Structures are given as C-alpha cells and as structure tokens.
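Those protein sequence lines, which keep their order, are chains A and B. Counting along the first sequence from 1, when you hit position 129 you're at 128 in numbering that gives the first Met the number 0, and nothing is skipped either side. Counting along the second sequence from 1, when you hit position 130 you're at 129 in numbering that gives the first Met the number 0, and nothing is skipped either side. Beta carbons: idealized from backbone N, C-alpha and C, even for Gly. Remember, it's a predicted structure, so these values are computed and weren't measured experimentally. Report on the structure given below.
There are 2 protein chains.
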Amino acid sequence: MELSPTAYVILGMLSWHPMSGYDIKAGVDKSTRFFWAASYGQIYPELRRLSDAGLIEAEQAEGGRKRTEYRLSPAGRRQLRGWLAEEPTTFELRDEGLLKLFFASASPSAGIEALRAKGRQHSQVVAELREIEAGGGPEGFAYQVLRYGIECNEWAAAWCERTAAELERSQREAA
Amino acid sequence: MELSPTAYVILGMLSWHPMSGYDIKAGVDKSTRFFWAASYGQIYPELRRLSDAGLIEAEQAEGGRKRTEYRLSPAGRRQLRGWLAEEPTTFELRDEGLLKLFFASASPSAGIEALRAKGRQHSQVVAELREIEAGGGPEGFAYQVLRYGIECNEWAAAWCERTAAELERSQREAA
DNA sequence: CGATTCATGTAACTTGTTACATGATTAG
DNA sequence: CTAATCATGTAACAAGTTACATGAATCG
C-alpha cells in the first residue's frame with residue numbers, strides 16, 4: 000500500500016502513544032511543521048483512510064470530553080517500519096528569500112536588502128526553535144531533529160550576514 | 000496587484016532578456032528549481048495572465064522556428080522591483096529524510112540509516128550543483144545563490160555524518 | 001529519413017490551505 | 001457566566017504535477 004508522507008506523520012505520532020486528531024495537529028504544530036506541515040483538512044480525512052485500511056484503530060475515550068483516540072495497529076507499525084527502511088525521496092524547498100536574492104540585479108540595493116531580510120528570517124526561526132528547546136523539548140531522535148533545525152538556521156543566518164558584509168565591502172571599494 | 004512568487008520567477012527571468020515559455024522552463028530547471036520549481040502547467044497559463052495584465056509583452060519571433068518571445072514591460076519591471084523591496088514571506092520545507100529521523104525510534108537501526116540516507120541525499124545535490132558551477136555557472140547574485148546551495152548542502156551532509164558517527168559511538172559504548 | 005529537440009498548450013489529478021460550522025467542557 | 005480550549009469535520013479554493021496531444025525544425 001502506497002501512503003503519502005503526511006500519512007506517515009500520523010502513523011509516527013501514534014507510534015509514541017494513542018492520540019486524537021486534535022492532539023496530532025497540536026503535535027505537528029510544535030514539531031514537524033518546520034519540515035512537514037499538516038492541516039486539519041488533511042489530518043481528519045487521512046485518519047479515516049488509515050482506519051479503513053486497518054493501520055490504525057479508533058476508540059471512543061471515556062471521561063470528560065467526547066473524543067476519538069486512535070492507536071497504531073500491528074499492521075500500522077509494520078507499515079511505519081517499512082517506510083523508515085526506504086530511501087527518502089521528497090525534498091522540496093520554497094524559499095522566496097533566495098528567489099529575491101537570485102533576481103536582485105533588477106534593482107540597485109536589492110542584493111544587500113535580500114540578504115539581510117533572509118538572515119532575519121532564519122534568526123527568527125532559531126528564536127522559535129530555541130524556545131521549544133528551553134520549554135523542555137523532545138527526547139531522542141526528535142531532539143536531534145530540533146538541534147538540526149537550530150544549527151541549520153544559524154548557519155544560514157551567518158551565511159547571509161557574512162555575504163552581505165562582503166558585498167558591502169566590495170561596493171565601498173568600487174566607489 | 001497581488002502576484003504569486005511563481006509569477007515573479009517569470010518576471011525575474013525576463014528581466015535578464017526576452018525569452019519563450021520553453022526557455023523559461025529550461026532556465027528554471029537548471030537554476031531556481033532547487034528552491035522554487037515550476038512546471039509547464041504553471042508557466043504557460045501564467046504567461047497569459049501576465050500578458051493580459053500588461054506586465055509582459057509577447058512578440059512572434061521571426062526566423063527558423065515559430066515561437067513567442069516575451070519581454071518585460073516597464074510596468075512589469077516596476078512590479079518586480081516592488082516585490083524585491085518587500086520582506087520575503089514564503090519559506091516552506093518538505094523533507095522526508097528529517098521526518099524519518101524524527102520517527103526513527105519506531106525501529107531499532109532506523110536512526111543511523113536515516114542519517115546516512117539523508118547525508119547521501121545532500122551529497123548528491125552538492126554533486127549536481129558543482130556540475131552546474133563547473134559548466135560555467137551564472138554571474139552576480141545568481142552565482143551567490145549557487146554558492147549558498149553548495150555550502151548549505153555540504154553543511155547538511157557533514158551534520159548527518161557527524162551525528163551518525165556520534166550515535167554509533169554511543170551505541171557501542173552502551174553495549 | 002528518422003530521431004531529437006524545440007515549442008505550446010491543456011485536462012485530470014493530487015496535495016494542501018483557509019475558512020467556516022458546530023458544539024461540548026473547563027477554567028477563572 | 002463567559003472566555004478559552006478541546007474537538008471534529010467539510011467545502012471551496014489555490015497551487016502544482018503529470019501525462020498527454022500536437023506539430024514543426026533541425027541534426028546526423
């Protein structure tokens with residue numbers, strides 16, 4: 000059975016412990032969203048499909064609120080493990096900041112501005128991720144991924160700053 | 000007028016020199032595709048819209064083949080400059096490799112495998128970009144973006160290698 | 001003359017977002 | 001009591017990909 004990576008986000012979350020669709024969305028928003036986002040419009044229909052396929056099982060949770068908790072079935076766990084063993088394929092980036100830098104020759108000061116703006120954007124992400132880390136972030140591999148996010152965005156912010164400084168210097172020299 | 004970033008890819012390409020839709024697609028495929036892809040299914044309808052909006056002008060090129068060349072109009076150039084001056088907003092990543100690392104605890108050896116696989120993926124991109132650079136890459140800001148791509152992917156490949164090595168070491172120590 | 005490249009386009013499909021509708025429960 | 005949060009869902013829309021159709025010009 001061929002599942003979308005978004006389906007594996009759900010299976011992966013449920014591999015930790017049973018959760019509702021609402022919980023999954025909240026979990027995505029403070030973790031995978033930085034490298035794989037998902038909205039309610041995807042999550043609830045996908046829960047239905049995974050349930051129909053027997054990869055997850057629904058259970059009405061008793062207690063206070065009416066909610067449906069899903070748990071991974073043995074078949075679902077096998078499916079998740081199978082996916083983990085495959086080579087990753089999807090890697091997509093949509094970076095408007097790089098696009099502006101790429102076309103910056105169309106406007107005199109656009110290059111330095113684009114570099115500075117992109118640097119700010121990455122610094123902002125670093126700040127968000129550091130806050131997650133400070134609030135007692137996740138453990139194990141999820142923590143490694145958080146570290147990757149922090150270090151990668153720090154690297155990018157530093158590259159922007161360095162390149163902007165070089166550009167400014169060469170412009171001063173030309174004048 | 001609100002245009003999509005994909006529309007600015009077209010305006011940006013035309014800011015260099017007049018081109019056909021086919022040329023734009025070829026240009027995207029060896030440059031912006033790494034951070035902003037575009038297919039014929041987007042390019043041709045968008046050329047029509049931009050032409051209707053007066054931001055580009057079509058001209059039937061004489062000579063051998065029948066083709067339509069588009070050039071940036073003065074209004075189109077203003078539009079492009081205006082966009083360059085705005086803060087970039089869209090930054091989206093879909094990284095299946097990170098997703099596998101994130102959920103790697105569901106399978107014993109998945110962590111190291113995911114790191115190694117992601118490292119290979121980044122090394123592969125570095126190789127592709129180096130080939131573009133060797134074949135006399137672009138000039139100016141476009142070259143800076145190429146360097147960014149090379150260095151960023153090198154950084155990521157190195158991070159994966161380093162983290163995999165640390166993980167292997169700590170696993171040996173635990174045993 | 002046959003294969004490749006140039007060249008333009010569209011229809012069907014997939015994926016994902018946004019906004020809305022609905023309502024119960026809990027915290028202050 | 002009322003505001004926030006929990007909770008589930010869908011419909012309309014936007015964006016983007018894939019595959020196909022079509023045909024002319026050029027290269028070997």
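{"Asked": "Between A6 (chain A) and chain B, is the shortest Cβ-Cβ distance under 8 Å, so that the two count as touching?", "Found": "no"}
{"Asked": "Going along chain B in order, which residues have a C-beta closer than 9 Å to the C-beta of T67 (chain A)?", "Found": "Per Cβ cutoff of 9 Å: no residues; T67 (chain A) is ~22 Å from chain B at best."}
{"Asked": "Enumerate in chain order the residues of its own chain whose CB-to-CB distance from E153 (chain A) is below 7 Å, with the five nearest sequence positions on each side excluded.", "Found": "V125"}
{"Asked": "Give me the DSSP bridge partner(s) of Q59 (chain B).", "Found": "B:T67"}
{"Asked": "According to the neighbour-count rule (16 or more other Cβ atoms, all chains shown, within 10 Å of its Cβ), is T31 (chain A) buried or exposed?", "Found": "buried"}
{"Asked": "Can you list the beta strand (DSSP E) stretches of 3 or more residues lying completely in the segment 81–129 of chain A, in chain order?", "Found": "90–94"}
{"Asked": "Am I right that P87 (chain A) and A116 (chain B) are in contact with their C-beta atoms under 8 Å? What's the rounded C-beta distance?", "Found": "6 Å"}
{"Asked": "Could you name the residues of the same chain whose beta carbon sits closer than 8 Å to that of R48 (chain B), not counting the 5 residues immediately before and after it, in chain order?", "Found": "A6"}
{"Asked": "For a cutoff of 8 Å on Cβ pairs, would you count Y21 (chain B) as touching chain A?", "Found": "no"}
{"Asked": "Who are the Cβ neighbours of L79 (chain A) in its own chain at under 8 Å, not counting the five residues just before and after it?", "Found": "Y7, L10, G11, S14, L71"}
{"Asked": "Would E68 (chain B) and M18 (chain B) be called neighbours here (beta carbons separated by less than 8 Å)?", "Found": "yes"}
{"Asked": "Consider the Cβ of A109 (chain A): report whether some Cβ of chain B lies at a distance smaller than 8 Å.", "Found": "yes"}
{"Asked": "Could you pull the DSSP bridge partners for M18 (chain A) from this structure?", "Found": "A:Y69"}
{"Asked": "Beta carbons nearer than 8 Å to chain B: which residues of the segment 80–101 of chain A have them?", "Found": "R80, W82, L83, A84, E86, P87, T88, T89, F90, E91, L92, R93, D94, E95, G96, L97, L98, K99, L100, F101"}
{"Asked": "Taking 8 Å as the threshold (beta carbon to beta carbon), is K117 (chain B) in contact with chain A?", "Found": "yes"}
{"Asked": "So that I know if they touch, is there some Cβ in chain A lying closer than 8 Å to that of E130 (chain B)?", "Found": "no"}
{"Asked": "Pick from A:G139, A:R146, A:G53, A:L2: whose alpha carbon is nearest that of E130 (chain A)?", "Found": "A:R146"}
{"Asked": "Pair every Cβ in the segment 137–144 of chain A with every Cβ in the segment 94–110 of chain B, then say whether three or more of these pairs are closer than 8 Å.", "Found": "yes"}
{"Asked": "Name the two residues that bound the continuous alpha helix (DSSP H) containing F140 (chain A).", "Found": "139–173"}
{"Asked": "Alpha carbon to alpha carbon, how far is R171 (chain B) from A37 (chain B)? Give it in angstroms, no decimals.", "Found": "46 Å"}
{"Asked": "In chain order, what residues of the same chain have a beta carbon less than 6 Å from the beta carbon of G148 (chain A), not counting five sequence neighbours either side?", "Found": "F33, L128"}
{"Asked": "For H16 (chain B), which option in A:E45, A:A105, A:G135 has the closest C-alpha, if you only look at C-alpha atoms?", "Found": "A:A105"}
{"Asked": "The alpha helix (DSSP H) spanning R48 (chain B) covers which residue range?", "Found": "39–51"}
{"Asked": "Can you round the beta-carbon distance between I55 (chain A) and I42 (chain A) to whole angstroms, since I take them to be within the 8 Å contact cut?", "Found": "Not a contact, Cβ separation roughly 12 Å."}
{"Asked": "Pull up the CB-CB distance for A163 (chain B) and G118 (chain B), whole angstroms please, since I reckon it's below 8 Å.", "Found": "7 Å"}
{"Asked": "Specify the secondary structure class of G11 (chain A) as computed by DSSP and reduced to three states.", "Found": "helix"}
{"Asked": "Starting from V144 (chain B), find everything on chain A with Cβ-Cβ shorter than 7 Å and list it in chain order.", "Found": "L97, L100, F101"}
{"Asked": "Within its chain, find whatever has a CB closer than 8 Å to the CB of E58 (chain B); leave out the 5 residues flanking it on each side and keep chain order.", "Found": "P17, T67, E68, Y69, R70"}
{"Asked": "Assuming contact is defined by CB atoms lying nearer than 8 Å, are C151 (chain A) and L114 (chain A) in contact in what I supplied?", "Found": "no"}
{"Asked": "With a cut-off of 8 Å on the beta carbons, I'd call G81 (chain B) and L166 (chain B) a contact; round off their distance for me.", "Found": "G81 (chain B) to L166 (chain B), Cβ: 48 Å. No contact."}
{"Asked": "Looking at the C-beta of Q120 (chain B), does it have a partner C-beta in chain A at a distance below 8 Å?", "Found": "yes"}
{"Asked": "Along chain A, in chain order, which residues have C-beta atoms closer than 8 Å to that of S38 (chain B)?", "Found": "Correct list: empty, because the minimum Cβ distance to chain A is about 13 Å."}
{"Asked": "Compute the distance between the beta-carbons of W35 (chain B) and R161 (chain A), then report whether it is under 8 Å.", "Found": "no"}
{"Asked": "Give me the residue from A:Q120, A:E61, A:K65, A:G40 with the minimum Cα distance to A157 (chain A).", "Found": "A:Q120"}
{"Asked": "Name the chain A residues that come within less than 7 Å of A141 (chain B), Cβ to Cβ?", "Found": "F101"}
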